[in-house]
Structures are given as C-alpha cells and as structure tokens.
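J.:
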Amino acid sequence: MRINRAVRIGVGAIALALTAATAAACGGGDSKNALDNAKDGKLTIGIKFDQPGLGLRNKDGTYSGFDVEVAKYVAGKLGVKPDGITFKEAPSAQRETLIENGQVDYIAATYSISDKRKEKVDFAGPYYVAGQSLLVRADNTDITGPDSLKGKKVCSVKGSTPAGNIEKNFPDTQLQTNDTYSLCLEGLKGGSWDAVTTDDIILAGYAAQSAGSFKVVGKPFTTENYGIGLKKGDKELRDKVNDAIEAMIADGSWKKAFDETVGASGYQAPTPPTVNRY
Ligand code: GLU
1477 MRINRAVRIG
1487 VGAIALALTA
1497 ATAAACGGGD
1507 SKNALDNAKD
1517 GKLTIGIKFD
1527 QPGLGLRNKD
1537 GTYSGFDVEV
1547 AKYVAGKLGV
1557 KPDGITFKEA
1567 PSAQRETLIE
1577 NGQVDYIAAT
1587 YSISDKRKEK
1597 VDFAGPYYVA
1607 GQSLLVRADN
1617 TDITGPDSLK
1627 GKKVCSVKGS
1637 TPAGNIEKNF
1647 PDTQLQTNDT
1657 YSLCLEGLKG
1667 GSWDAVTTDD
1677 IILAGYAAQS
1687 AGSFKVVGKP
1697 FTTENYGIGL
1707 KKGDKELRDK
1717 VNDAIEAMIA
1727 DGSWKKAFDE
1737 TVGASGYQAP
1747 TPPTVNRY
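If you're matching positions, the sequence shown starts at 1477 in my numbering and goes up one per residue.
#1: Which residue wins for smallest C-alpha separation from G1705, given the options K1535, G1537, V1546?
#2: Could you tell me which residues DSSP puts in a beta bridge with T1653?
#3: Just mark Y1587 as buried or exposed, buried being the case when its beta carbon has 16 or more other beta carbons within 10 Å.
#4: Any idea what DSSP makes of I1589, helix, strand or coil?
#5: Taking Y1603 and P1749 to be in contact with their CB atoms under 8 Å, please state how far apart those CB atoms are, rounded to whole angstroms.
#6: DSSP beta-bridge partners for A1606?
#7: Specify, as a first and last residue, the run of the beta strand (DSSP E) that G1541 falls within.
#8: DSSP three-state label for I1678, please.
#9: So within the segment 1690-1749, which uninterrupted beta strand (DSSP E) runs reach at least 3 residues, ignoring any that extend past its ends?
#10: Using the C-alpha atoms, what's the distance from K1716 back to Y1682?
#11: Excluding sequence positions up to five away, which residues of its chain have a Cβ less than 7 Å from the Cβ of V1544?
#12: Assess, as a yes-or-no matter, whether the segment 1656-1664 is touched by the segment 1589-1605 under the definition of 3 or more beta carbon pairs within less than 8 Å.
#13: Can you tell me which of R1613, Q1652, V1693, S1689 puts its alpha carbon nearest to the alpha carbon of D1675?
#14: Can you tell me which of T1573, Y1657, N1577, D1618 puts its alpha carbon nearest to the alpha carbon of V1633?
#15: Straight-line CA distance for D1710 to N1718?
#16: Classify T1673 as buried or exposed, calling it buried when 16 or more other Cβ atoms lie within 10 Å of its own Cβ.
#17: Just checking, does the segment 1549-1565 make contact with the segment 1723-1738 on the three C-beta pairs under 8 Å criterion?
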C-alpha cells in the first residue's frame, strides 16, 4: 500500500515535471498551433496599440485601423469570428519573440518582411508597401529628407527597420530609440528631438492626429513590405494567410478597409501589392 502510494506520487511528480518542461520549451505559450486554435474558434493576434489608422486601441477598449481590418479578414478566412479574436500589443522589438513563443498566432503590425527576421519567423504577404520617412514639428524648415539629418536628434523605435537603417546608413545622426512611437512623439512635441522616423503611413497617422503640430517631410527613402508574421515553418498557415490576403485584395475588401481607416484622413490608397509566396 505504502509502496504503491510512493510509486503513484513518483509518477505524478514525473508527469508534473514533464508538463513544466514542455511549457518552458514553448515559452509559456499554449502548445496548439495557430490553425488548431482557429479550429477552436479562437485566435490571438499581435497588432500595434498606438498607431492611428493602422493599429489602435481606442479609449473604449475597441481596436481600429487597417492592420486590424487585415487581421480580422484573415481570421474570418480561417473560420474565426471577430469575437473569437484576442488582440495583443506587439511592440516592434518583441514581435519575433511573441511568435516564436506561441504567445500570438500571427502578427499584423506594420511588420516589414526582412531577411533577418525571416531567420526567426515566416511572413505571408506583403499586403502593403510603405517607405521610411520623417516627421518634424510643423515650424521646422531645416529637415527636408534623410540627407539633412547630420547632427540632428532623431527618435525611432527599438527593433524597427527604420532605426536600423539610420544606425547603419546615417551615422552622423544622433539616434535615440524608445519602445514605442508614442514616446517618440512626446519627445518631438517637447523638443527633446528634432524628428521621428518610421514608415510614411505611420507618420501620416500621427500628423493627422496632431491638429497641425507635426508634418511629414521629404520622400520615402526605403521600401517596407508589410507582411503577416507567423511561426517559422508553418507552411499550411502561411499558404492560407496568403490566400486570404489575395482574396481581400480581389473582392474589394482591401480597398474598403484602407479607405475607412488610413484613407479617412485623406491618404490615397495605392495599388495593392502582389503576394510573394517564397
Ligand atoms: N515597418 C517597420 C518595421 O517593421 C517600422 C514600423 C514598426 O516599427 O512597426 O520595423
């Protein structure tokens, strides 16, 4: 009897240890993949919470923006209704980790497809093409493009491609990085830095919201292909998300979503890109 109990306890302890080890290996995320979760009618999707027109958490707790609409459309094609979606904030520097750990099923958050990121995650898309640009105070006259940044204090976000580009290709610029673009904007307003740099479409949203305090200057000087980031190697999911993006473009939902979000402040919808099934 006693021995039996000891054996049972021993087996229980091993089972517990195994569960803990599995959880640790998955970084605490659940072990089901995105398509399993979709079959259960639930998806956790990473978006930005502070980018008006793209990914925004509104004061009433709802979410709006083009990325949110793309995320929802894709979810719909995977069989998940809007009320089955949990949106999770995906700051630029944390996106790969959130996907690798299974804390999100996919990310639609102004996420540029890059070779470096492809070492850790896969991308469906692109569903939009943006370009790096500059935001300055409305009364600024000396910053007109990336070549006028020498000695200037410029803010961007940790882990973003625009921050990497300034660091690498504009070494005379004093780059300051924060965790979010909202922090960059506060400093721009307060005079801590001279410009904020990231993609044109993001900056246009901030300029529109600033009631004339900020303006976007110069022409875009990089190409940022926005993709939907997902678990590396999940080809089935990537194919399905690519199908969904193509359908969204083909049935007019892409244009409608753009016009109702980013387009609401006068930004013209460009021609949608072609999905690249690498
Ligand atoms: N598209 C760029 C990137 O993925 C900048 C926007 C962002 O930080 O989300 O890094």
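Heads up, the beta-carbon is just placed ideally off N, CA and C, and yes, glycines get one too. Everything numeric in this text was worked out from a predicted model, so none of it was measured.
T.: Straight from the coordinates:
#1: The shortest C-alpha separation from G1705 is found at V1546.
#2: In the DSSP output, where bridge partners are listed per residue, T1653 has S1632.
#3: Answer is buried; the Cβ neighbour count reaches 16.
#4: It is coil, neither helix nor strand.
#5: With 8 Å as the limit, Y1603 and P1749 qualify as a contact, their Cβ atoms being about 7 Å apart.
#6: Looking at the DSSP assignment, A1606 forms a beta bridge with E1700.
#7: That residue, G1541, is in no beta strand (DSSP E); it is neither H nor E in DSSP.
#8: I1678 falls in the helix class under three-state DSSP.
#9: Segments of the beta strand (DSSP E) lying fully in the segment 1690-1749: 1690-1693, 1700-1707.
#10: Taking the straight line joining both Cα atoms gives about 33 Å.
#11: If we look at V1544 and ignore the five residues flanking it on each side, its Cβ neighbours are I1523, G1531.
#12: By the Cβ test, the segment 1589-1605 is not in contact with the segment 1656-1664, since fewer than three Cβ pairs between them sit closer than 8 Å.
#13: Of the listed residues, the one whose Cα sits closest to D1675 is V1693.
#14: Selected option, being the one with the closest Cα: Y1657.
#15: Distance between the alpha carbons of D1710 and N1718 is about 12 Å.
#16: Within a 10 Å sphere around the beta-carbon of T1673 sit 16 or more other beta-carbons, which makes this residue buried.
#17: Yes: at least three Cβ pairs fall under 8 Å.
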